[in-house]
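A.B. asks: Below is one structure. I have some questions about it.
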Amino acid sequence: MDEELQIKKLDALFFLFREEQVGIAKHFIKEMMLGKGFEVSNVEIERYLDQLIDDGYIMLTADDAGTRIYIIKIKGLLFDGYEQQILSRISENTRLETLENSQRANQTLTTWLTVLIAFGTLLAAVYYSIEICNRFSPILHQHDLYWIWEAVPKRKS
Numbered sequence: 144m145d146e147e148l149q150i151k152k153l154d155a156l157f158f159l160f161r162e163e164q165v166g167i168a169k170h171f172i173k174e175m176m177l178g179k180g181f182e183v184s185n186v187e188i189e190r191y192l193d194q195l196i197d198d199g200y201i202m203l204t205a206d207d208a209g210t211r212i213y214i215i216k217i218k219g220l221l222f223d224g225y226e227q228q229i230l231s232r233i234s235e236n237t238r239l240e241t242l243e244n245s246q247r248a249n250q251t252l253t254t255w256l257t258v259l260i261a262f263g264t265l266l267a268a269v270y271y272s273i274e275i276c277n278r279f280s281p282i283l284h285q286h287d288l289y290w291i292w293e294a295v296p297k298r299k300s
């Protein structure tokens, strides 16, 4: 729950910069976050700002008076927020899991179909071997030839 709240606060701060699209001085951030319904300490604000800078969504500049101003970057304007990023990742993982399950089911079905075809081919081979034997059997016995499974050769009487 605490991690979820931290992400919501980080997103709220990020969306402040996205809405303003002009620089925000650090001393105004606490009040603006309170206006968004989030009570944050100075340490939290510093940590969130560092994270946004590290991720490349905002940058730190100073005005003529030396006031530290944070400005959103183009990358930040294109970013949908940390919570949306997590949801997208979960959605992608679910999609991949569904795809893997589908592939596994298709693989099993293909394996069983291959076994069935192999069994049918074996049955056809045995059937046609017997048919060929029956067709050519008189010729073979006429020349004193016999099949391996016959115990004794058939002789002419």
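All residue numbers for the sequence shown refer to this note's numbering, where the first residue is 144 and numbers rise by one. Yeah, the Cβ is synthetic: ideal placement off N, Cα and C, and Gly gets one too.
For my contact list, residue 211 and residue 168 are in at a C-beta cut-off of 8 Å; report their separation, rounded to the angstrom.
C.D. replies: 7 Å
A.B. asks: Please list, in chain order, all residues of the same chain as residue 161 whose beta carbon is under 7 Å from its beta carbon, the five residues on each side excluded.
C.D. replies: If we look at residue 161 and ignore the five residues flanking it on each side, its Cβ neighbours are 215, 219 and 220.
A.B. asks: Does the region 224-234 come close enough to the region 148-155 that 3 or more CB-CB pairs lie under 8 Å?
C.D. replies: yes
A.B. asks: Determine the extent of the alpha helix (DSSP H) in which residue 155 is found, giving its start and end residues.
C.D. replies: 145-163
A.B. asks: To the nearest angstrom, report how far apart residue 266 and residue 236 are at their CA atoms.
C.D. replies: Each residue's alpha carbon lies about 45 Å from the other.
A.B. asks: In the structure shown, what three-state DSSP assignment does residue 270 receive?
C.D. replies: helix
A.B. asks: Does the beta-carbon of residue 230 have 16 or more other beta-carbons within 10 angstroms, so that it is buried, or is it exposed?
C.D. replies: exposed
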